[in-house]
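Report on one structure; see the data block that follows.
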Amino acid sequence: MGLKYSSFAIRGTDISQFNGLIDWSKFTSVTHHICGIRMGFGIVADEQAEANWKAAKYKCNRMPYWYMDYYSNHMAGSAVNGLSDTEWGRRQAEKAWAMLKGDMEGIMWLDIENGNPRYADPLSKVRSRALAIAKAFLIRWKELSGKNAGIYCSLGLLSWFDAWFKTFQLWCAWYNESQTIENVRKAVKAEGWVGELLIWQYASHGAINGDGVQQGLNLGTEIKELDLNAWCGSISLYSQLWGGAPVVVTPEDETPVEDEPIDITDEFVSYVIDTGKLNIRALPTTNSKIVGSYLTGYQVNVEKSVDLGIGSVSGWKRIHDQQGYLAMDFLKLKG
Numbered sequence: 003m004g005l006k007y008s009s010f011a012i013r014g015t016d017i018s019q020f021n022g023l024i025d026w027s028k029f030t031s032v033t034h035h036i037c038g039i040r041m042g043f044g045i046v047a048d049e050q051a052e053a054n055w056k057a058a059k060y061k062c063n064r065m066p067y068w069y070m071d072y073y074s075n076h077m078a079g080s081a082v083n084g085l086s087d088t089e090w091g092r093r094q095a096e097k098a099w100a101m102l103k104g105d106m107e108g109i110m111w112l113d114i115e116n117g118n119p120r121y122a123d124p125l126s127k128v129r130s131r132a133l134a135i136a137k138a139f140l141i142r143w144k145e146l147s148g149k150n151a152g153i154y155c156s157l158g159l160l161s162w163f164d165a166w167f168k169t170f171q172l173w174c175a176w177y178n179e180s181q182t183i184e185n186v187r188k189a190v191k192a193e194g195w196v197g198e199l200l201i202w203q204y205a206s207h208g209a210i211n212g213d214g215v216q217q218g219l220n221l222g223t224e225i226k227e228l229d230l231n232a233w234c235g236s237i238s239l240y241s242q243l244w245g246g247a248p249v250v251v252t253p254e255d256e257t258p259v260e261d262e263p264i265d266i267t268d269e270f271v272s273y274v275i276d277t278g279k280l281n282i283r284a285l286p287t288t289n290s291k292i293v294g295s296y297l298t299g300y301q302v303n304v305e306k307s308v309d310l311g312i313g314s315v316s317g318w319k320r321i322h323d324q325q326g327y328l329a330m331d332f333l334k335l336k337g
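Per this note's numbering, the sequence shown starts with residue 3, numbered consecutively.
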């Protein structure tokens with residue numbers, strides 16, 4: 003058995019034109035807290051970038067990624083052949099920013115991986131020029147956006163980078179489902195990476211149930227495969243990155259099913275408030291009316307069932323024998 007997608011508290015996928023046209027009602031029949039969306043490569047927009055970026059808004063927390071072209075400026079017949087590596091990296095960042103500057107969200111990820119061997123040398127053979135392009139992209143992106151981009155690559159590529167890059171936040175691909183998030187952190191650190199590991203891409207097969215059955219087609223894409231990712235950063239950083247933007251969450255049985263009502267019982271469990279002040283909401287959503295609040299340390303009895311609702315990563319608890327819901331992100335079991 004492989005890993006179950008739902009075993010990760012915060013999880014997500016990533017998509018591009020290769021996933022085809024997406025039926026978003028099917029795609030969101032399971033919970034994707036985050037969704038990486040390929041915006042382009044080189045200075046070319048991904049064919050589905052505009053549609054995917056627009057459609058994903060408010061359905062999941064979006065983060066763009068850009069595939070780094072490290073070969074076209076050294077390719078005979080290319081329109082950019084002869085362009086310096088620094089200028090080529092800058093132009094790619096400028097194209098990315100032009101597409102996103104009015105609606106940027108999350109972190110920009112620079113996708114660094116080997117190109118097609120039919121026209122691209124392996125990164126190991128052209129290390130100097132590829133690093134120059136990557137560095138120029140990252141510097142220019144910060145100049146334009148005011149924020150650092152992160153780096154997406156495989157675990158096996160980490161040793162290829164020099165020290166300057168190893169301070170950046172990381173989205174690491176390692177298709178080994180016998181690992182845990184903590185093991186991935188250790189493996190990244192062992193390669194000398196000092197930037198924070200934020201995301202682990204643990205699979206590309208789309209078998210969200212861990213049973214080997216690929217669900218990409220059932221989830222509304224045009225291929226059976228689907229990249230699967232686990233969030234490895236902190237809850238606070240997650241909240242900072244998306245500024246409390248709503249995340250629409252639906253009940254799931256991991257295979258796409260119709261929504262079922264949450265079963266509320268009379269049983270309850272005791273929690274204490276684990277933040278300075280926690281608002282009581284009329285409904286399980288951060289946008290609903292505030293009907294009261296509790297201060298830190300207060301003990302409260304809540305129903306045992308969880309309503310996934312909107313805007314709380316861990317879900318919502320209904321207060322026992324009283325109107326209102328509390329975000330589980332700020333509750334701690336009474337010890």
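Where is the CB? At the ideal position from N, CA and C, for every residue including glycine.
Asked	Found
Start-end ranges of the beta strand (DSSP E) lying completely within the stretch 166-211, minimum 3 residues	172-175 and 199-205
Simplified DSSP assignment, three categories, for H322	coil
Reduced DSSP category for K28 - H, G, I as helix; E, B as strand; rest coil	helix
Option in I210, W233, Y273 and W166 with minimal Cα separation from K226	I210
Residue from L228, I292, G235 and C234 whose Cα sits closest to the Cα of F20	L228
Three-state secondary structure assigned by DSSP to M70	coil
Straight-line gap, D16 to G4 (C-alpha atoms, nearest Å)	19 Å
For S156: DSSP bridge partner residues	A175
Contact between the stretch 108-124 and the stretch 135-144 (3+ Cβ pairs under 8 Å)	yes
Neighbour-count burial assignment, Q242, 16 or more Cβ in a 10 Å radius	exposed
Segment limits, beta strand (DSSP E) that includes D87	Run containing D87: none in the beta strand (DSSP E); it sits in the alpha helix (DSSP H), D87 to L102.
Cα-Cα separation between G317 and T288, rounded to whole angstroms	11 Å
Spatial distance of F163 from A11 (CA atoms)	30 Å
Backbone secondary structure at R64 - three-state DSSP	strand
Which of helix, strand or coil DSSP assigns to F163	coil
Helix, strand or coil at A53 [DSSP, three-state]	helix
Outcome for Q324 when other beta-carbon atoms lying within 10 angstroms are tallied against a minimum of 16	exposed
Coarse secondary structure for E145, derived from DSSP in three states	helix
Whether G91 touches A136 by CB criterion (8 Å)	yes
The beta strand (DSSP E) enclosing Y296, as first and last residue numbers	I292 to L297
Residues near A151 by beta carbon distance below 6 Å, same chain, minus five either side	M110, L112, L140 and W143
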